[in-house]
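Presented below is the structure to which this report refers.
Numbering (my numbering), first residue to last: 7 to 188.
Written as structure tokens, this is what we have:
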């Protein structure tokens, strides 16, 4: 009898502390680490649930300190909502003349170059080192092992060019292909 009660309590504890669709914990998706689960209602009153994922990359900026590139993904288990992806950049300190806009220059193995431009904004105007981007990362047409360069657009025309490490570039391409956000 005691064995059955202990088994039942362990089973109930597992059910209570596990996520709705991830009884073994939230799995990672490539470089994205599992975050919190969420549930509730969408704008039409339909039940939704899912899990959020995130990845952060500290990137050295030539002549400056560094920046952190954060990527956030919401993966929905049900409901009418599509998986979504967003990213932002946080500078260690303000870069004079930085417009908040960036370019991602993707160079495939065959030499084909793809340029994607992103317009940044301040989610919090009093915090002028963090820039959000409405568009999701888009690496459509990129090889899995393409070289990626991040260009910070400055008002004075002298943009800051940062060649991303191969591992970071590969992660960004993987995330963008898994969660196109379109």
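Quick reminder that beta carbons are idealized off the backbone N, C-alpha and C, glycines included.
Among the candidates the options, whose CA atom is the shortest distance from the CA of residue i?
i	options	result
residue 140	84, 60, 106 and 171	106
residue 102	153, 94, 134 and 116	134
residue 116	151, 89 and 91	151
residue 128	100, 118, 148 and 113	100
residue 158	126, 149 and 148	126
residue 69	161, 166 and 182	166
residue 143	185, 7, 51 and 153	185
Per DSSP, what kind of secondary structure is residue i in: helix, strand or coil?
i	result
residue 12	helix
residue 139	strand
residue 25	Note on residue 25: pLDDT 44, under 50, position unreliable in the model; no value is reported.
residue 127	strand
Would you please state the rounded distance, in angstroms, between the beta carbons of residue i and residue j? I believe it to be under 8 Å.
i	j	result
residue 145	residue 179	5 Å
residue 97	residue 73	5 Å
residue 177	residue 61	7 Å
Starting from residue i, trace the beta strand (DSSP E) both ways and give me its first and last residue.
i	result
residue 152	Segment: none, residue 152 is in no beta strand (DSSP E) and carries neither H nor E.
residue 167	166-169
I'd like the span of the alpha helix (DSSP H) that includes residue i, first residue to last.
i	result
residue 173	172-184
Say whether chain D places a C-beta atom closer than 8 Å to the C-beta of residue i.
i	result
residue 177	This model lacks chain D altogether; it includes just one protein chain.
Contiguous beta strand (DSSP E) assignments of at least 3 residues, all confined to the segment 38-121: 39-47, 53-66, 72-82, 90-97 and 104-113
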